[in-house]
């Protein structure tokens, strides 16, 4: 009998899962993707928009255009998931039944959770580059900046692409130097964590970068209010950081419908899943991928990509009546843009911290080190994203589980046990 | 690494005072760790947060940060700062015997 897999969300995780499932399942099975609009945003590109390095309209393509033939796209807003009836209720009342559900609805910015982010200064002296409109407005503000204090404030974890705010600091330094304004502008990174780099190896290899670039760091700052009029951040323990221009990464939460769906998510709206199999803790026929899931790995495209492999295998196993036991190892990989045409590449998982060496093998991109090659890699990634990652093709030499060839482990820690290459 | 004695048992702490082995923690230790960290007595409200911290760590292998801690425990952030002065997430993690909440890199 034909089965129906419904995927909520047509972003990175949802699109690649749909395309991989379409290939893996028999033709008579239905693969349906639901999203509220037909605009797929290349999110890694947002970082470059404020510096005039990327044009906003070039980052968006049709969601429907990214699906393989045979994937059905439904445009609609999800009201809630009825876990007991195995169906989605859409706003307006229509329903969609599923045999297997994959929640891939990402994370959203919760501006209302921080005092001042919805006020009149928003878009004037207080900005974010975590949305397309925000990044475009910030480009205007940065172009006019000629002196003062810029603060980059991460309200609290988890946020999407946790390195992006640091990259933003590095690029601001580059942008101001190029314009001969660096000595007139202070750049400060404000974080709720107790260091800019919290992993021991990253701290050792990378913390010098902030010093070299004269970026001040304020740590353990839990932002209670962004006072745009007064030009200051205020923390819950009553510390203040003054600014002329604030670039804020707001608190993140999951999709609204997750909170409205009894039993599906946590109070932040992220879907509760088994950290390894990505199967919902509420129901065996529900899975989650990417930013929507409450996994401890970073909310990042690379994580969604590596998780896709695991989710697809587990959905297929579930439909075949087998135990969905494929495991995600926390594999994360990212390019960190450091300005002046250079970038750093890091690659790690739950068991092994980022280490020096090369990726994916002994002959490859340098890890944990600034290089021109990594910057070019980051730029080239945009094409890889649309043409390889979203269609669900394999990247040559890059499997879901973390590679060890070419790495130089620096500590006595257990390495991951790969479950085998990609199929 | 240092060794401390809580509830009559020797436990190993990392350089920042977090449990090196979270499985070595037992509930009676919480009161003594709190005292060592400057919280003279644990109230029911403290315990609610510590319990949640422990539960989240056991579920996910990572402790929540302040905002998530507030949402998950139902204790508002202002109150968290009153209960665990300076850094609620770090302090509650120490008392719950779990590693420090961390970021990405």
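Residue numbers (my numbering), protein chains in the order written: chain B, 199 to 621; chain A, 538 to 642. Even glycine gets a Cβ: it sits at the ideal position worked out from N, Cα and C.
>> Out of B:377, B:497, B:478 and B:545, which one is the CA nearest neighbour of residue 209 (chain B)?
In response: B:497
>> Quick check on this structure: which residue in B:454, B:452 and B:422 has the alpha carbon closest to the alpha carbon of residue 624 (chain B)?
In response: As displayed, chain B neither begins before 199 nor continues past 621, which places residue 624 (chain B) out of reach and without an answer.
> Got a sec: is the Cβ-Cβ distance from residue 397 (chain B) to anything in chain A below 8 Å?
Replying inline: yes
> Between the stretch 384-401 of chain B and the stretch 350-365 of chain B, are three or more C-beta pairs nearer than 8 Å?
Replying inline: yes
> With C-beta atoms as the reference, is residue 455 (chain B) less than 8 Å away from residue 437 (chain B)?
Replying inline: no
>> Taking the beta carbon of residue 657 (chain B) as the centre, do at least 16 other beta carbons fall within 10 Å, making it buried, or is it exposed?
In response: No answer is possible for residue 657 (chain B): the residues shown for chain B start at 199 and end at 621.
> Can you tell me whether residue 545 (chain B) is buried or exposed, with buried defined as 16 or more other CB within 10 angstroms of its CB?
Replying inline: buried
> By the criterion of Cβ-Cβ separation under 8 Å, what are the contact partners of residue 400 (chain B) in chain A?
Replying inline: 642
> Alpha carbon to alpha carbon, what distance is there between residue 583 (chain A) and residue 591 (chain A)?
Replying inline: 12 Å
> Can a CB atom of chain A be found closer than 8 Å to the CB of residue 310 (chain B)?
Replying inline: no
> Does the distance from the C-beta atom of residue 249 (chain B) to that of residue 349 (chain B) stay below 8 Å?
Replying inline: no
> Just reading off the beta strand (DSSP E) that residue 264 (chain B) is part of, what are its end residues?
Replying inline: Here residue 264 (chain B) belongs to no beta strand (DSSP E), and DSSP marks it neither H nor E.
>> Considering only their Cβ atoms, is the gap separating residue 565 (chain B) from residue 550 (chain B) smaller than 8 Å?
In response: no
> Looking at the unbroken beta strand (DSSP E) that takes in residue 532 (chain B), where does it start and where does it end?
Replying inline: 530-537
> Would you report the Cα separation of residue 444 (chain B) and residue 325 (chain B), rounded to the nearest angstrom?
Replying inline: 6 Å
> Using DSSP with H/G/I as helix, E/B as strand and the rest coil, what is residue 487 (chain B)?
Replying inline: coil
> Which residues, in order along the stretch 594-605 of chain A, keep a beta-carbon less than 7 Å from a beta-carbon of chain E?
Replying inline: Checking the listed chains, one finds no chain E in this structure; the protein chains it contains are B and A.
> Using the rule of at least 16 other Cβ atoms within 10 Å of the residue's Cβ for burial, across every protein chain shown, is residue 211 (chain B) buried or exposed?
Replying inline: buried
> Counting Cβ pairs closer than 8 Å, one from the stretch 567-587 of chain B and one from the stretch 522-529 of chain B, do we hit at least three?
Replying inline: no
> Are the C-beta atoms of residue 550 (chain B) and some chain A residue less than 8 Å apart?
Replying inline: no
>> Is residue 554 (chain A) close to chain B? Criterion is C-beta to C-beta, closer than 8 Å.
In response: no
> Exposed or buried, which one is residue 593 (chain B) when buried takes at least 16 other CB atoms within 10 Å?
Replying inline: exposed
>> Considering Cα atoms alone, identify which of B:601, B:246, B:547 and B:514 is closest to residue 300 (chain B).
In response: B:514
>> Just to make sure I have the definition right: I need the residues of chain B whose C-beta is within less than 7 Å of the C-beta of residue 583 (chain A). Which are they?
In response: Within chain B, no residue comes near residue 583 (chain A); the closest Cβ sits about 17 Å away, beyond 7 Å.
> Which residues of chain B have a Cβ atom closer than 9 Å to the Cβ of residue 576 (chain A), listed in chain order?
Replying inline: Ordered by position in chain B, no residue passes the 9 Å Cβ test against residue 576 (chain A), which lies about 16 Å from the chain.
> What's the gap between the Cα of residue 596 (chain A) and the Cα of residue 571 (chain A)?
Replying inline: 23 Å
> In or out: residue 623 (chain A) buried (at least 16 other Cβ within 10 Å) or exposed?
Replying inline: exposed
> Cα separation between residue 601 (chain B) and residue 558 (chain B)?
Replying inline: 6 Å
>> List, in chain order, every chain B residue whose beta-carbon is nearer than 8 Å to that of residue 541 (chain A).
In response: Within chain B, no residue comes near residue 541 (chain A); the closest Cβ sits about 21 Å away, beyond 8 Å.
> Based on the DSSP secondary-structure assignment, which residues constitute the bridge partners of residue 433 (chain B)?
Replying inline: B:421
>> Against residue 592 (chain A), what residues of chain B qualify as contacts under a CB-to-CB distance less than 8 Å, listed in chain order?
In response: Chain B residues near residue 592 (chain A): none, gap ~11 Å exceeds 8 Å.
> With DSSP run on the structure shown, which of helix, strand or coil describes residue 544 (chain B)?
Replying inline: strand
> Are there three or more Cβ pairs, one per stretch, closer than 8 Å when the stretch 199-206 of chain B is compared with the stretch 300-312 of chain B?
Replying inline: yes
> Thinking C-alpha only, which one of B:476, B:417, B:461 and B:229 is nearest residue 271 (chain B)?
Replying inline: B:229
> Is it true that the stretch 457-475 of chain B meets the stretch 375-387 of chain B, where meeting means three or more beta-carbon pairs spaced less than 8 Å apart?
Replying inline: no
> Using the C-alpha atoms, what's the distance from residue 277 (chain B) back to residue 465 (chain B)?
Replying inline: 17 Å
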